[in-house]
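Those letters in the sequence shown? Residues 0 to 241, per numbering that gives the first Met the number 0, in order. Where a beta carbon is used, it is the ideal one built from N, C-alpha and C, also for glycine. Just so it is clear, the structure is predicted and the values come from calculations on it, not from any experiment.
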Amino acid sequence: MEESFRCPTLGSSGYDIEQNRLDSDFHGSKIEKFPLHSVECGHLPSKPYQFFGFNDLQDNFESPIKDIKRHEDNLKFLKSQANHLDESILDLQVRLGKYHSKDAANENSDLHPEEESTQQILHQEQSAAGILCKVKSYHAIHASNLSLIKDVLGIVATLARVDNDALSRLLSEYLGLETMLGIVCKTFDGIKALEKYDGDGKIKDIAGLHGLGSSIGRKIDGRFTAFCLEDLRHKPTSCLCF
């Protein structure tokens, strides 16, 4: 008689597999707990991947990807905000520059013509007129006690002006820079006091306008023109060039 082979039935002989729950870590992921089904020989569960916690692994992989995408979106938003702020700052800088330029123009327009001429003379730092104006403007108390300053009426640029700005510009162009920076004195003694010489005919750096310039850290570069108004009724205005 032909023998038939049959797998033992699980259950009657103590082969029942009890339902249990498996906890395992697979690359840092926790596998979902699931019941084990009674298995007969030759039959597997319909979803074998449940043994490996496939659903949990998929969720654990998708979660970091979602976080990365969220961070990328945040970075894009922050970059757009930074670009917007840069544009706003640039716009404000342009407006601020225009505002300061307008204020500077208004301040210059408010200057008295004589004050405007004085400011232009002060820019000629190495000229005799520039040194004289600086001393009179910023060291008025000290200058008032100098006999050298007392005899000086002013600078041609501050004296030779007319009410019309266009005519004033034409006059200054006609006279030239050297004449416009000329020093006008009342007497010949005032003219002589502007510059002193030693026995060899050399200029004394410690006297006259040269000494005055040294006291404020300035040095006269080259020659300068001086005008005298003494005896103006009897002869034309005298002009001496140093």
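- Excluding sequence positions up to five before and after residue 211, its CB lies within less than 8 Å of the CB of 130, 131, 134, 145 and 147, all in the same chain and listed in chain order.
- For residue 151, the number of other beta carbons within 10 angstroms of its own is at least 16, and it is reported as buried.
- Looking at the DSSP output, residue 96 bridges to nothing.
- Beta-bridge annotation (DSSP): residue 184 is paired with 151 and 227.
- Pairing residue 120 with residue 180 gives a Cβ-Cβ distance under 8 Å.
- Out of 184, 221 and 185, the CA that lies nearest to the CA of residue 202 is found in 221.
- In the structure shown, residue 215 adopts coil according to DSSP, grouped into three states.
- Here residue 219 is not near residue 182, since their CB atoms are 8 Å or more apart.
- Closest in C-alpha terms to residue 136, from the list 118, 65 and 177, comes 118.
- Nearest Cα to residue 159 within the set 116, 189, 229 and 195: 116.
- Contact between residue 185 and residue 124 does not hold, since their C-beta atoms are separated by about 26 Å, which reaches or exceeds 8 Å.
- Taking every protein chain shown into account, the CB of residue 208 has 16 or more other CB atoms within 10 angstroms, so this residue is buried.
- C-alpha of residue 69 to C-alpha of residue 75: approximately 10 Å in a straight line.
- Look at residue 202 here: in three-state DSSP terms it is strand.
- For residue 129, the enclosing alpha helix (DSSP H) covers residues 127–137.
- Closest in C-alpha terms to residue 156, from the list 178, 165 and 149, comes 178.
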